[in-house]
Amino acid sequence: GRIQFDLYQYFQRE
Amino acid sequence: MLEGKFEEASLLKKVVESIKDSVQLCNFVCSEHGITVQAVDDSRVLLVSLLIGNEVFSDYRCDRNITLGVDLKSFAKIIRCGGNDDYLTLIAEDSPDSVTLVFEDKNSDRISEYSLKLMEIDNEFLKIDDMDYDSVIKMPSIDFQKICRDLSTLSESLQILITKDSIKFMAEGETGNGSVILKPRTDIDKPEQSITVKLNNAVNSTFGLKYIADIVKGTSLSNQIVIKISNRTPALFEYKLQSGYLRFYLAPKFED
């Protein structure tokens, strides 16, 4: 199976 | 005060139709430069980033920044009331609780006016720096849409492999597998048919097709799609507007 990553693992909140 | 007139309502219609299934509530931030939107879908996997530059409008004025908190499902219903070729003017006061849409039929004196109630939308803003990508491909947007729709019949995931002389789209499912290979080509007579690959490193990335199905709803906005991919980071899918863009950032999937 594959795991879906989310964007908060890459982009910081401003 | 905001007053922005589109030569044709169809542009804003297409933009709203392209993003309304990815995100429902979003802030349209209006400034002297144009209108921007940034919003993340509920699963935090897909980010929509829109810029409608002021040059897109036949008339545009926005004296100070105005935020329009919009429910896109409601906005889409109103915007469908206007004809594609109508002039469409968006009007809002400085601290608005509603936005007015005025459609003008070019062939008659008919003027239709609608107003949409605005909402307070408290969304987080993500900081996205310009990145160097391993590979940048440019291809006809309609071809990308067809490939993704075809492969989504087989699998929930789309694997994209890029080398300097080919782009391979692959889907593996329980009922079977499929793949489509494209080669770079330059079409001088129809540049929108060209396929280009810029490669720093070979790419092998996998994405959820349910998100890509939402991304390709932007197909009607541009003849070409630009896809920027690096291994193990979010990919950028971009439809360029005459001034501005509709971008989608999509987080990848990894082998467990």
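Which chain is which? The protein sequence lines are A and B, in order.
Each residue of the first sequence is one higher than the one before, counting from -13 in our numbering.
Each residue of the second sequence is one higher than the one before, counting from 24 in our numbering.
Each residue gets a CB set at the ideal place from its N, CA and C atoms; glycine is no exception.
Under the three-state DSSP convention, the category residue i falls into
| i | result |
| --- | --- |
| B:Ala115 | strand |
| B:Tyr83 | strand |
| B:Lys187 | coil |
| B:Thr242 | helix |
| B:Pro163 | strand |
| B:Phe98 | helix |
| A:Gln(-5) | helix |
| B:Glu31 | coil |
| B:Lys251 | strand |
| B:Ser228 | strand |
| B:Ser121 | strand |
| B:Arg133 | coil |
| B:Asn50 | strand |
Sheet register partners of residue i (DSSP bridge)
| i | result |
| --- | --- |
| B:Arg270 | B:Ser72 and B:Glu261 |
| B:Phe192 | B:Ile183 and B:Val203 |
| B:Leu25 | B:Cys85 and B:Ala115 |
| A:Arg(-12) | B:Glu278 |
| B:Val63 | B:Leu70 |
Cβ pair residue i, residue j closer than 8 Å
| i | j | result |
| --- | --- | --- |
| B:Ile248 | B:Phe192 | no |
| B:Ser243 | B:Lys37 | yes |
| B:Met142 | B:Gly92 | yes |
| B:Leu139 | B:Ser97 | yes |
| B:Leu69 | B:Asp237 | yes |
| B:Ala194 | A:Gln(-10) | no |
| B:Glu26 | B:Asp108 | no |
Chain-ordered chain A contacts of residue i [CB-CB under 7 Å]
| i | result |
| --- | --- |
| B:Arg21 | This structure cannot settle anything about residue 21 of chain B, because the visible part of chain B is limited to 24 through 279. |
| B:Tyr83 | Those do not exist, as B:Tyr83 stays about 26 Å from chain A at its closest Cβ, beyond 7 Å. |
Chain A contact residues for residue i, given Cβ-Cβ distances below 8 Å
| i | result |
| --- | --- |
| B:Lys251 | Near B:Lys251 there are no residues of chain A at all, since even the closest Cβ is about 14 Å away, more than 8 Å. |
| B:Ala62 | Chain A residues near B:Ala62: none, gap ~11 Å exceeds 8 Å. |
| B:Gly231 | Gln(-10) |
Chain-ordered chain A contacts of residue i [CB-CB under 9 Å]
| i | result |
| --- | --- |
| B:Ile134 | Within chain A, no residue comes near B:Ile134; the closest Cβ sits about 40 Å away, beyond 9 Å. |
| B:Phe277 | Arg(-12), Ile(-11), Gln(-10) and Phe(-9) |
| B:Leu70 | Leu(-7) and Phe(-3) |
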